[in-house]
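The next block holds one structure in the form of structure tokens; read it before the comments.
Next up, the structure:
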């Protein structure tokens, strides 16, 4: 099997695995943030700032992986 035949599978994994991990990570972070705000409502502004930073980094990693996957799909740098 030639390496070009595995390119669609590699692209699907390159986009799918970070998407799954990002969704799980953001869901867990949201759960813990809501638990923390329920316990100590006065810390909500500080927790919300830290939460948005963490979610942004997590989502940024997924966006970068998607960009690389789409670049491989269109440019095919392995020829």
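Numbering (this note's numbering), first residue to last: 1 to 79. Think of the CB as a built atom: it goes at the ideal place given N, C-alpha and C, for glycine as much as any other residue. Keep in mind that this is a model prediction, so the values were computed, not measured.
| Item | Value |
| --- | --- |
| Residue 51 to residue 15 span [Cα, whole Å] | 24 Å |
| Residue 36 to residue 55 span [Cα, whole Å] | 16 Å |
| Reduced DSSP secondary structure (H/G/I, E/B, other) of residue 40 | coil |
| Residue 18 to residue 25 span [Cα, whole Å] | 10 Å |
| Residue 62, buried or exposed, once every other Cβ within 10 Å from all chains shown has been counted against 16 | buried |
| Through-space distance from residue 5 to residue 57, alpha-carbon basis | 33 Å |
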